[in-house]
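Take a look at the structure set out below.
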Amino acid sequence: MTLLRDFLEDVKALLGEDKIVTDPWLLIGYERDYWPLAVAMEYTGKWDPEPPKVAVLPTNEEEVVQILELARRHGIPVVPYAGGTGVLGGALPLRDSVILDVSPLDDYGWHDKDSMIVYAEAGVPLIDLEEWLNSQGYTLRHFPQSYPTALIGGLIATKSIGQYSTGYGGIEDIVLGLHVATYNYGLVRIPPVPRRSVLWSLKHLYIGSEGHLGIITRAYLQARKIPECSVPFSLRYNSFKEALHSAMKLVQQGTPPELLRVYDELESQSMLGESGSLIIGVIEGPCNEVDARISVMENTLGRGLGDSEPALRWLEERFNVIPKIRDLAEMGLAFDTIEVALPWSTAYTAYKETIEKLMEQEGIIYASAHASHFYLSGAAIYYTIVFELGKLASVYNKAWDIIEETSSRHRGTISHHHGIGVHRLKWLRLEYDDNTLRLLKDLKKLLDPDGVYRDESIK
Ligand SMILES: Cc1cc2nc3c(=O)[nH]c(=O)nc-3n(C[C@H](O)[C@H](O)[C@H](O)COP(=O)(O)OP(=O)(O)OC[C@H]3O[C@@H](n4cnc5c(N)ncnc54)[C@H](O)[C@@H]3O)c2cc1C
């Protein structure tokens with residue numbers, strides 16, 4: 010407690026009282042992120058975290074560095090908090106840490122308009138940046154489902170991906186440069202360039218670092234022109250297996266749709282009211298090019314691209330998830346979503362085995378999946394599990410075990426885009442062998458010798 014008091018005195022002296030929040034009512038907002046287990050437990054009155062004692066709100070990069078230096082001096086761990094939409098507890102204030110809220114770092118604008126490079130500080134809401142770009146005919150084309158609330162720093166720290174990823178990639182494909190505040194190297198600046206071949210890639214060290222290696226304070230991002238034409242389509246199949254196979258053909262023929270989603274039978278019915286297995290997609294670009302690509306896709310599949318209606322319906326609803334979470338809780342149900350990625354050669358077998366095992370568990374009402382991010386080598390499979398709230402404690406970790414273990418055994422990854430947070434720690438050993446884990450830990454120790462940043466996950 011004395012350590013914290015001394016730290017706060019120093020922050021106050023350096024930055025002023027207005028940069029510190031100690032009011033317990035205001036601190037409630039930092040008690041959890043969007044980890045579904047925490048949300049469900051909160052609903053049932055069982056979420057009883059140690060509330061954060063303090064949040065600091067720096068307004069510029071230099072202040073972030075100063076706060077980190079003070080934290081090091083006083084031995085106080087720091088957890089960055091951006092939009093709080095992370096789904097694995099990564100922003101939870103563990104270890105008596107101080108919350109560093111990046112939201113006041115909210116400046117953005119053109120860095121180089123001719124090169125379509127924007128800069129955005131860590132606290133800029135993605136939606137603000139996108140709407141500002143749209144007003145001038147530009148876009149980032151990065152649309153995670155948390156688009157209305159996630160902030161730039163959090164998106165980069167978790168290596169997020171958006172709904173148009175098959176065309177434009179993940180956030181790692183639009184980050185050109187970064188600034189990262191550290192206590193031992195000051196402000197690390199990685200200038201934006203089209204591509205760099207100068208030793209190893211520092212940019213990629215920080216993308217997905219989840220607050221373990223420093224605080225991302227500013228990003229340089231690649232914007233692009235808003236596509237001239239955008240054509241939604243759908244395709245109906247008898248089974249998820251057939252639909253997934255068609256998606257593979259579309260992706261591997263070379264010009265896949267920018268947005269592509271394949272729903273299993275259960276989700277086709279529950280989310281889109283369609284029987285069988287549904288593919289929806291959007292093809293976009295210059296109008297004449299879109300027409301040509303549609304022909305190529307139709308030739309590849311040996312059938313015409315179907316009506317736009319299901320895709321249009323999905324596009325309208327695509328960010329509307331929070332009310333559904335509340336509806337479930339009202340019905341005595343909880344849910345979680347778990348995303349993995351697998352090679353094409355094992356994706357369907359792994360999916361089938363996973364769903365069968367999940368459905369054998371008492372307390373699971375249903376388990377379903379869709380695939381929504383695609384690569385030449387494979388696809389991300391996104392499971393949704395609905396639990397009985399009352400049985401959550403006994404079955405929640407078991408469900409995670411099944412998905413992570415099955416994905417790993419079928420040569421997949423344990424996480425495609427949600428990251429590790431605090432919850433996924435248990436399965437890290439499925440991803441890397443002992444030597445590789447040791448490298449990960451040594452790297453963390455090297456960059457955070459005084460243990461100031463988040464470190465629950467890779468001890
Ligand atoms: C409804 C919903 C839909 C979602 N859909 C998607 C989706 O489509 N795609 C996807 O990728 N994810 C999705 N997510 C997950 C989540 O939105 C992403 O992980 C997002 O990138 C988190 O951003 P945030 O600003 O909310 O970060 P936070 O939740 O505040 O933080 C996330 C992690 O990053 C750390 N962190 C935050 N800021 C910084 C910083 N400046 N420097 C270093 N570390 C930092 C935090 O300590 C924490 O560990 C969804 C979540 C919800 C609730």
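Residues in the sequence shown are numbered consecutively from 10, following the numbering used here. Each residue gets a CB set at the ideal place from its N, CA and C atoms; glycine is no exception. These numbers were taken from a predicted model, which means no experiment stands behind them.
Give me the DSSP bridge partner(s) of residue i.
i	result
Ala22	According to DSSP, which records beta bridges pairwise, Ala22 is partnered with nothing at all.
Trp119	Val127
Asp110	Tyr90
Asp345	Ile394
Cys238	Gly294
Ala388	Leu351 and Phe383
His188	Arg198 and Arg227
Ile429	DSSP lists no partner for Ile429.
Ile29	Val65
With distance defined between alpha-carbon atoms, name the residue in the options nearest to residue i.
i	options	result
Tyr441	Gln172, Glu414, Ala22 and His427	Glu414
Ile289	Gly263, Asn308, Leu253 and Ser304	Leu253
Thr31	Ser255, Ser112 and Ile108	Ile108
Glu130	Tyr117, Pro266 and Ser424	Tyr117
Gly460	Asp105, Ile165, Glu237 and Pro45	Asp105
Phe242	Lys250, Gly282 and Glu293	Glu293
Thr355	Lys333, Ala389, Asp345 and Ile374	Ala389
Ile235	Tyr52, Ser286 and Cys296	Cys296
Val395	Ala320, Leu337 and Ile412	Leu337
Leu481	Pro45, Glu78 and Ala256	Here the chain comprises residues numbered 10 to 468, so residue 481 is not present and cannot be evaluated.
Trp119	Leu142, Ala100 and Gly98	Leu142
Trp409	Ile423, Leu398 and Leu275	Ile423
Ala228	Glu276, Val127 and Ser317	Val127
Glu181	Glu369, Ser218 and Gln145	Ser218
Lys21	Ala80, Ala378, Tyr43 and Val48	Ala80
Tyr43	Leu434, Phe344, Val404 and Ile224	Phe344
Val111	Met125, Lys122 and Gly132	Gly132
Val87	Asp115, Glu397 and Val65	Val65
Gly313	Ala320, Pro319 and Val305	Val305
His379	Arg82, Glu237, Lys250 and Val73	Lys250
Can we count residue i as close to ligand 1, meaning its CB is less than 7 angstroms from some heavy atom?
i	result
Leu164	yes
Gly178	no
Leu160	yes
Asp42	yes
Val330	yes
Ser169	yes
Ala91	yes
Ala389	no
Ile224	yes
Gln154	yes
Val184	no
Gly285	no
Gly399	no
Ala350	no
Val5	Residue 5 falls outside the range modelled here, since the chain spans only 10 to 468, and no answer is possible.
Gly95	yes
Arg463	yes
Gly220	yes
Ala131	yes
Val88	yes
His254	no
Val74	no
Ala100	yes
Gly428	yes
I need the boundaries of the alpha helix (DSSP H) containing residue i, first residue and last residue.
i	result
Val202	Element bounds for Val202: n/a, residue is neither H nor E.
Ser354	Trp353 to Met368
Asp137	Leu135 to Asn143
Gly285	Element bounds for Gly285: n/a, residue is neither H nor E.
Ser469	Because the chain spans 10 through 468 in this model, residue 469 falls outside it and cannot be assessed.
Glu40	Looking at the DSSP string, Glu40 is not in any alpha helix (DSSP H), and its letter there is neither H nor E.
Arg447	Asp443 to Leu456
Phe152	Counting along the chain, Phe152 falls outside any alpha helix (DSSP H), and DSSP gives it neither H nor E.
Val461	Note, Val461: premise wrong, no alpha helix (DSSP H); not H, not E.
Val404	Leu401 to Arg418
Val74	Glu70 to His83
My assumption, with CB atoms under 8 angstroms, is that residue i sits in contact with residue j. Please give the rounded CB distance.
i	j	result
Thr148	Arg270	The pair is not a contact, with the Cβ atoms about 20 angstroms apart (cut-off 8 angstroms).
His382	Thr175	7 angstroms
His221	Asp464	6 angstroms
Tyr156	Glu267	Contact doesn't hold; Cβ gap of about 16 angstroms is too wide.
Ile374	Leu401	Not quite, the Cβ-Cβ distance comes to about 11 angstroms (not below 8 angstroms), so this is no contact.
His426	Lys212	About 18 angstroms; that fails the 8 angstroms criterion.
Pro102	Pro61	4 angstroms
Val202	Thr226	19 angstroms between Cβ atoms; not a contact.
At what residues does the beta strand (DSSP E) containing residue i begin and finish?
i	result
Ala380	Ile373 to Phe383
Pro89	Val87 to Tyr90
Gly162	Element bounds for Gly162: not the beta strand (DSSP E) but the alpha helix (DSSP H), Ile161 to Ala166.
Arg270	Leu268 to Tyr272
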